[in-house]
Each structure stands twice: as C-alpha cells, then as structure tokens.
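Residue numbers (the numbering used here), protein chains in the order written: chain A, 2 to 360; chain G, 2 to 360. Here's the structure, in structure tokens; my notes come after.
Protein chains: 2
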Amino acid sequence: MAKAKSTKPQKGVKEIARRANVALATVDRVIHGRPGVSQKTLEKVKKVIEEMNYQPNIIGRRLASMKEYHFAVLIPEITEESGFFWQAPADGVQQAAEEIRSMGVSVTTFFFDQNDKRSFAGSARRILRGGFDGILLAPFFMEESLAFTKACETKNIPYVFINSDIPDQKSLTYIGPDLYASGYLGGQLISYLIKPKDQVLIVNISREIKNVKQNRLLRKEEGVRSYFTGNKIKNEILKIDITNVDEKAVEKKILEMLAQYPRTGVIFVTNSRVVSVAKCLKKHFIDHVRVIGYDLLESGMEYLKNGVIDFLICQKPQEQGYRGIMALYHHLILNLKVADRYYMPIDIVTRENCAYYKN
Amino acid sequence: MAKAKSTKPQKGVKEIARRANVALATVDRVIHGRPGVSQKTLEKVKKVIEEMNYQPNIIGRRLASMKEYHFAVLIPEITEESGFFWQAPADGVQQAAEEIRSMGVSVTTFFFDQNDKRSFAGSARRILRGGFDGILLAPFFMEESLAFTKACETKNIPYVFINSDIPDQKSLTYIGPDLYASGYLGGQLISYLIKPKDQVLIVNISREIKNVKQNRLLRKEEGVRSYFTGNKIKNEILKIDITNVDEKAVEKKILEMLAQYPRTGVIFVTNSRVVSVAKCLKKHFIDHVRVIGYDLLESGMEYLKNGVIDFLICQKPQEQGYRGIMALYHHLILNLKVADRYYMPIDIVTRENCAYYKN
DNA sequence: CGATGATATGGGTACGTACCCGGAATTAAA
DNA sequence: TTTAATTCCGGGTACGTACCCATATCATCG
Chain A
2 MAKAKSTKPQ
12 KGVKEIARRA
22 NVALATVDRV
32 IHGRPGVSQK
42 TLEKVKKVIE
52 EMNYQPNIIG
62 RRLASMKEYH
72 FAVLIPEITE
82 ESGFFWQAPA
92 DGVQQAAEEI
102 RSMGVSVTTF
112 FFDQNDKRSF
122 AGSARRILRG
132 GFDGILLAPF
142 FMEESLAFTK
152 ACETKNIPYV
162 FINSDIPDQK
172 SLTYIGPDLY
182 ASGYLGGQLI
192 SYLIKPKDQV
202 LIVNISREIK
212 NVKQNRLLRK
222 EEGVRSYFTG
232 NKIKNEILKI
242 DITNVDEKAV
252 EKKILEMLAQ
262 YPRTGVIFVT
272 NSRVVSVAKC
282 LKKHFIDHVR
292 VIGYDLLESG
302 MEYLKNGVID
312 FLICQKPQEQ
322 GYRGIMALYH
332 HLILNLKVAD
342 RYYMPIDIVT
352 RENCAYYKN
Chain G
2 MAKAKSTKPQ
12 KGVKEIARRA
22 NVALATVDRV
32 IHGRPGVSQK
42 TLEKVKKVIE
52 EMNYQPNIIG
62 RRLASMKEYH
72 FAVLIPEITE
82 ESGFFWQAPA
92 DGVQQAAEEI
102 RSMGVSVTTF
112 FFDQNDKRSF
122 AGSARRILRG
132 GFDGILLAPF
142 FMEESLAFTK
152 ACETKNIPYV
162 FINSDIPDQK
172 SLTYIGPDLY
182 ASGYLGGQLI
192 SYLIKPKDQV
202 LIVNISREIK
212 NVKQNRLLRK
222 EEGVRSYFTG
232 NKIKNEILKI
242 DITNVDEKAV
252 EKKILEMLAQ
262 YPRTGVIFVT
272 NSRVVSVAKC
282 LKKHFIDHVR
292 VIGYDLLESG
302 MEYLKNGVID
312 FLICQKPQEQ
322 GYRGIMALYH
332 HLILNLKVAD
342 RYYMPIDIVT
352 RENCAYYKN
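Shown next as structure tokens:
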C-alpha cells in the first residue's frame, strides 16, 4: 500500500496528486492526455480534477514549458495604392504584440500584393512551413483563402479572419465590419445631405471584379439601397462601377456621370477610393455635390477638413489588428472563451471628430 | 578569492550574476534597490545590467513573488436615476478583471452616491484602508477627490482618472472624453439639423451646481458655442439650466421655454438626461424639434429608434472601464509605458448604428 | 588583541507546472 | 520458473525570480 502523504492542503496539481494519492507526474499525464495511465487511476484523477474545478495556473505553466508561441499575420502590403490603409491594422497588431511579448508570444507579419493571388498563396505557403501556432489573416482571395484555412485545420492551427469574413468557416473568430450595416448607415447619412429631387450616385471603384473585395463593395451598396427602400426614400439611385482605379480614369468617369446626371446631389463611394472622387470634385470646383466614403486615411482626412467630403464611415482598422491578435492570445495562452465574431462599431467620422479616430 | 563560475551563458538574473561574478541574491538586491550592497559591487552589477539591457522575466517574477495585486475601482452607483450609465464602465472593468485574473490581479469595485459627497469620501477611506495596489476612480467631487489622490500619492499608490479629469494631478493617466471637443462636434451635428432662422436651445440638467459634473456640462456647452462662432453660424443660442432633475420639473421647464421661444428648432442636452426631454416632446406630440444628447442608455436608444432623438454623442463607457484597469495592469505588472491620457473617440450614434455601440 | 556589531555576500529553497528517466508492477513469452 | 517486454507510476529537476538565512568581511571599541 502506498504510504500516506502529507495532508496539508496544497494548491493546483500538487493538491490533485495528494487527494488522488498519486504522483505529480501521473496527474500531469492525465491533464495532458498522455498515455501511460491505467483506466482506474485515470478516472480517479479526473474525478478529483472535476471536484476541485481545477484551473491550471497560467504563470506556472508558461514558466515550466518555456514554449514560445508564434503568431503569423497575413495582410495586404501597405502601399500608396491602398492609401496605406493596412498601416492601421498593422499598428494594432504591433501594439498587441508588445503587450503580450512578455508572455512568450512573438508575432511575424507577412504581406501580399492585393493584385496578385499568387503572392497571397506564396505567403500562405511560407506561413504553413513556418510552424506557427496561430494565424491572423485578411482572406482577400476566396479560393486561396479556403485552401489555406483548410490546411490550417488539418494542422490544427487556429486562425482568425480580419476585415473580411468567409462565413461557415471554422475560424476562431471574425473581427471586422458588418458591411451591410455600414451601407445601411450610409443610407441614413445620405438622407441627411440630400435634397428632395436629387439623385444619389453610388460609386464602386475596384480593379478586380471577382475577388472578395469586390463583394465587399456590393454588400455596402445593398445596405444603402435597403435603407432607401426601407425608409421610403424616393430619390433615384444611380450607380457606376469603375475598374480602372487610376485617378485620371476615375476623374473622367465621374465627370461623365455628373454631366449626364446634373441633379446628382450626393456621391457615395463604397471604399477609400473616395479620395480620388474628392480630388476630382475639388479640382473642377464642383461644390454642390456632397461626398460620403469609407476609411480614414491621411488623404481622406484632408478632404474631410476642407469640406469636400462630409462623412467617412470607418471601422477601427487599428483595433481590428489589436483584437485579432488578442483573440489568439486569449484562446491559446489564457484559455479564455472567444466570441465567434466581433463586429466593429461603425464610426461616423466628420471634420470635427476625425482627430479622435486617428491614432 | 571567489572561485571561477561556470561560463556557460545563462539568461536573466543568473547571467548577470555570472558576468558580474557575484551571487544571485546580490543581483536581486541591486535590482530591487535593497540595502546591503557595497558601492563597488552596486556599480559593477548595474553596469552589467545596463550592458545586457536586462528586462526582467515577468512570468518568473510573478511566479516567485506570489504577490497578489489588488485594484480598487471607485465609481457612482448604478442607479435608475443615472439611467444605469455606470453599468457600462463596470462591465468593462469586469471584462478586464477576468482577462488579467490569471496574472494574479483581483479587482474590487466600490460605489458612491452621486448626490452625497460623504459617501464618496467614505468609500475612498475604505479603499485607503484596504491596502490596494492601484486605483481607478471617477473623480466626481473636486475637494474629496483631491484629498483622496493626495493620500494615494503619500502611499505611493498609482491612480487612474476615468470619465472626468482633474488636470495637473499626478494621475497615472486619464481615460475619458474630451468634453470640449464633443461639444464642438455637437455644434456640427446641430448645423446639420437646423434651419436658417431657427433657434438652438442648450439644456443643462444637473442637480448639483458646484460639483465636477456641472463643470462637465459647461465644457460641452462651450464647445457648441465655439463651433457656432468659429463657423460663423448665426442661429441664436438659448440656454437653460435645470437643477430639479425630476422628470415633471424638466417637462415643465421645457414646455415653458418652447412656448416662449417657438422658433426653437434643435434642443441640445448636455448629458444623458436628454431622455427626459425626449419623453416630454413625445408626450406632447412636438415633432418639429430635433434633439441631440449624450450617452447611449437603454431608454435613450428607444427615443433614437422612434426618431425623437436624432443623435447621441457617446464615448465608449465600457471601454473606459476596460482601459482604465488595463492601464494599471500595464504599469504595475508589465512595466509598460502608459500614455498620460487617452481621449476616447467621440462616437456619433444614430438610429442605424446604435446596435453596434451597445455592449 | 579579542569581542561586538554592522555591513556585505552567497547558498538554498520556493512558486506551479512540464517533462525526463529510472524503477516497480504486470503481463507475455521462453 | 525465469526472462523479456510492456505498462504504469513516482522521483527529481528545470524554468526565472524573490527572499530567507547563514556566513564572511570589516570597522570600532573596550
């Protein structure tokens, strides 16, 4: 018979071992589901763990297993072309990384070219080879993203979607905008700016038609239209898709439209390319048209301030990056529950409050 | 002569000890500034620490010193009277508390009666006696708050202001709204709703006149006025202070004002009591007056939805609580730098986006 | 010069968990 | 029955830091 152990109450694993009258190592095996434990002891130990409602001490755990956690981030390049939009999420990622570095977490960011599926797939491959423990990605290209997440699932690596969602995937969580709702809100903002007989021009500016990004724009457009029908707003909605994202091309198209439809009172641009439109209006001294767009970029702020753009709809890009990393941290290290999606608040940014959204 | 130590590279304190050729305990004394180290060794060890750019391992530290950190929170009671406003910051505090509990931090919340300075002082006293390591407080009453923070400074306890700031204090940080800016933004929102010859009515509803809260309202009012003068808006601004916060009393005053000034087009209420005003307008079927107010309470949302209130200006009350606690955590446990103030974004909440701000 | 006290220093253990390794118990094969 | 293989279990050490306690060193005074 095993000799009676000391009965002074301990805590954690030790206490389990004491109560179940087994060695620490055995408890450890049970907790980690390692083999080498008889059915009998297994149940005994499990019962004690249950009784104690044992919660492992994160600190002790992190110290003992000096395991480093490596997170990978896959987002578009921070380019002039995209108005440096992805700088903000990258900053948020950075901020989170600093905060949890002392817990043994490192974060590596991979970029891809928004106009090149292959660069996305290439970075994805490199991530898969890199042996990462968690992944944060902007699923820009549908097929490539699906292939990637499937591989992650095989390897049992949790991944978080950011900025764009692919529903029905087994992502740990989605963090980003509710596009439809933001368009709906856009509809309301339009209604504040428009006069009874005016027309509204919705502008989608995007190079690719068949990628996820394009669908994003359409979701927003749906939202706007839905607000109009839902609130019985009679103003006519015009619409134009511009696939040549060059500023000159945008300028030309916009001028054409305005010439053709002179009663256009509001232009609603479904992404940050609103800047190109604003630039055009400013250049041609068109000041009877109000403009609403998306994302608070440096350039957009300028047009907000000089009154060319009235509203920008903005969804906390920095916080998206921050929360994405923290979701992985909570899940993998702290064992906290993570909500399966988190829609960012839809911020209305105007000339007067934009300073508070820029950081 | 001390015998030569092993030279295999270690990390952390051990490596310092090895390089400086002293014992671990000595290094420890230096790091914690404890006495019992000769000037010579002190400098030697400090030099090595410098060279290595030594960063203590938080995990090891937390494990060794099983010190528990206790944070105290001092906020107003969550009452019907205040529209349960403080529920949100309390929730944020709770969320942060859960997140850092595994790092050995506990959070205790103390409440006070907004109408009773003594209850504030009483809770403050209890906190001071409680031996807390960090404090988050809403400095509602000027004198009492100053006495409290002074006591904290004496005891070397860091404190964070939330929701209201008292400038020039040695608070670790301030987290809350920029009141003036929010009023300024309010001015812009008014301009969207007002017609050329309309008058604007600013309403301050607050029981106390001389407490911090009252000053808050005045700051917002200043912001509005400043927007009007700055943007050369000619509409007349009317103003009324209501110190009887009872709904009946508010109703009476509002009706009086509207009778006296029938060209009132917009009512701007400087706090969440906007609900009382909305209630009054709704009751008397007054629908030609637009309403702007503060804070997204359950009751306010209702009037937002049925169109009585157009805009609510809102400053992330939940996040204020969350960030406040995290600031203490970053400072005390993680040794991270904390910005000396953090102004919350000024959210514009409308019928269409309010759902995203409620949680 | 020895006793005393203050100052300086090092050894060692503990925190809660992970994991290696050797040995006991059990079972299968000889 | 002995031996080998297998399964099961416990002892012990490590992670990086904090802190107690014992000892060495040194100045001071009787």
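Built from N, CA and C at the ideal position, the CB exists for glycine as well. Since the model is a prediction, treat every value here as computed from it, not as a measurement.
Based on DSSP bridge pairs, tell me the residues matched to residue i.
{"i": "G:Ala73", "result": "G:Thr109 and G:Ile136"}
{"i": "G:Thr265", "result": "G:Gln200"}
{"i": "A:Asp362", "result": "The structure shown does not extend to residue 362 of chain A, since chain A spans only 2 to 360, so no value can be given for it."}
{"i": "A:Cys315", "result": "A:Asp348"}
{"i": "G:Phe162", "result": "G:Leu138 and G:Tyr175"}
{"i": "A:Ile310", "result": "A:Val292"}
{"i": "A:Arg342", "result": "A:Tyr175"}
{"i": "G:Val270", "result": "G:Val204"}
{"i": "G:Glu237", "result": "G:Gln200"}
Does DSSP put residue i in a helix, in a strand, or in coil?
{"i": "G:Tyr185", "result": "helix"}
{"i": "A:Glu1", "result": "Given that chain A is displayed from residue 2 to residue 360, the structure contains no residue 1 of chain A and the question cannot be resolved."}
{"i": "A:Glu353", "result": "coil"}
{"i": "A:Tyr320", "result": "In the sequence as presented, Tyr is not what sits at residue 320 of chain A; that position holds Glu. The answer is helix: DSSP assigns A:Glu320 an H, G or I state."}
{"i": "G:Glu82", "result": "coil"}
{"i": "A:Pro90", "result": "helix"}
{"i": "A:Val225", "result": "helix"}
{"i": "A:Gly61", "result": "helix"}
{"i": "G:Gly131", "result": "coil"}
{"i": "G:Ser7", "result": "Only weak support is given to the placement of G:Ser7: the predicted model assigns it a pLDDT of 42, under 50, and the question is left unresolved by the model."}
{"i": "G:Met104", "result": "coil"}
{"i": "G:Ser66", "result": "coil"}
{"i": "A:Tyr358", "result": "helix"}
{"i": "G:Ile50", "result": "helix"}
{"i": "G:Asp29", "result": "helix"}
{"i": "G:Ile287", "result": "coil"}
{"i": "G:Gln95", "result": "helix"}
{"i": "A:Tyr193", "result": "helix"}
{"i": "A:Asn232", "result": "coil"}
{"i": "A:Ala24", "result": "coil"}
{"i": "A:Met2", "result": "In this prediction, A:Met2 scores a pLDDT of 31, lower than 50, which makes its location untrustworthy; no coordinate-derived value is stated."}
{"i": "G:Ala216", "result": "Residue identity check: residue 216 of chain G is Asn in the sequence provided, not Ala. Helix, per DSSP."}
{"i": "G:Leu333", "result": "helix"}
Got a sec, what are the start and stop residues for the alpha helix (DSSP H) residue i sits in?
{"i": "G:Tyr304", "result": "Glu299 to Lys306"}
{"i": "G:Gly294", "result": "Where G:Gly294 is concerned, there is no enclosing alpha helix (DSSP H), although the beta strand (DSSP E) it sits in stretches over Arg291 to Tyr295."}
{"i": "A:Pro36", "result": "Note, A:Pro36: premise wrong, no alpha helix (DSSP H); not H, not E."}
{"i": "A:Ser277", "result": "Val275 to Lys284"}
{"i": "A:Lys15", "result": "Val14 to Ala21"}
* Asked: Does the stretch 62–78 of chain A come within contact of the stretch 93–113 of chain A, defined as at least 3 CB pairs closer than 8 Å?
  -> Because the criterion of three Cβ pairs below 8 Å is met, the stretch 62–78 of chain A and the stretch 93–113 of chain A touch.
* To do: Determine, using beta-carbon pairs with one atom in the stretch 295–315 of chain G and one in the stretch 144–164 of chain A, whether at least three such pairs fall under 8 Å.
  => No, because fewer than three Cβ pairs between the stretch 295–315 of chain G and the stretch 144–164 of chain A fall closer than 8 Å, the two stretches do not touch.
Check your understanding: Are at least three pairs of beta-carbons, each pair with one atom in the stretch 277–285 of chain G and one in the stretch 247–256 of chain G, less than 8 Å apart?
Key -> With a cut-off of 8 Å, the stretch 247–256 of chain G and the stretch 277–285 of chain G count as touching, because enough Cβ pairs lie within range.
> Closer than 8 Å, Cβ to any Cβ of chain G: which residues of the stretch 332–355 of chain A, in chain order?
Replying inline: Within the stretch 332–355 of chain A, those residues whose Cβ lies closer than 8 Å to any Cβ of chain G are, in chain order, Leu335, Leu337, Tyr344, Met345, Pro346, Ile347, Asp348, Ile349, Thr351, Arg352, Glu353 and Asn354.
- prompt: Using 8 Å as the Cβ pair cut-off and three pairs as the minimum, do the stretch 170–182 of chain G and the stretch 338–349 of chain G touch?
  reply: Taking a contact to require three or more Cβ pairs closer than 8 Å, the stretch 170–182 of chain G and the stretch 338–349 of chain G qualify as touching.
Would the stretch 321–329 of chain A count as touching the stretch 85–99 of chain A if we require 3 or more Cβ pairs under 8 Å? Touching, yes, given that three or more Cβ pairs across the two stretches are closer than 8 Å.
| Is the number of C-beta pairs between the stretch 198–205 of chain G and the stretch 258–272 of chain G that are closer than 8 Å three or more? | The stretch 198–205 of chain G vs the stretch 258–272 of chain G: in contact.
Touch test, the stretch 159–174 of chain A against the stretch 325–339 of chain A, Cβ-Cβ under 8 Å, three pairs minimum: With the cut-off at 8 Å, the stretch 159–174 of chain A and the stretch 325–339 of chain A touch.
Check your understanding: Are three or more beta carbon pairs between the stretch 257–267 of chain G and the stretch 215–229 of chain G nearer than 8 Å?
Key -> Segments in contact, no.
| Within 8 Å of chain G by C-beta, residues of the stretch 100–116 of chain A in sequence order | Listed by position, the residues of the stretch 100–116 of chain A near chain G (Cβ gap below 8 Å) are Glu100, Ser103, Met104 and Gly105.
* Closer than 8 Å, Cβ to any Cβ of chain G: which residues of the stretch 63–97 of chain A, in chain order? -> Hits within the stretch, in order: Arg63 and Leu64.
Checklist line | At least 3 beta-carbon pairs within less than 8 Å: the stretch 39–56 of chain A vs the stretch 83–94 of chain A | finding: Counting Cβ pairs under 8 Å, fewer than three are found: no touch.
Does the structure place the stretch 184–195 of chain A close enough to the stretch 228–246 of chain A that three or more beta carbon pairs sit under 8 Å? Counting Cβ pairs under 8 Å, three or more are found: they touch.
Short-range partners of chain A found in the stretch 156–186 of chain G, where Cβ spacing is below 9 Å:
Those residues of the stretch 156–186 of chain G that come within reach of chain A (Cβ to Cβ, closer than 9 Å) are Asp179, Ala182, Ser183, Tyr185 and Leu186.
Mind listing which residues of the stretch 38–61 of chain G have their C-beta closer than 7 Å to chain A's C-betas, in chain order? Here the close residues are Ile59, Ile60 and Gly61.
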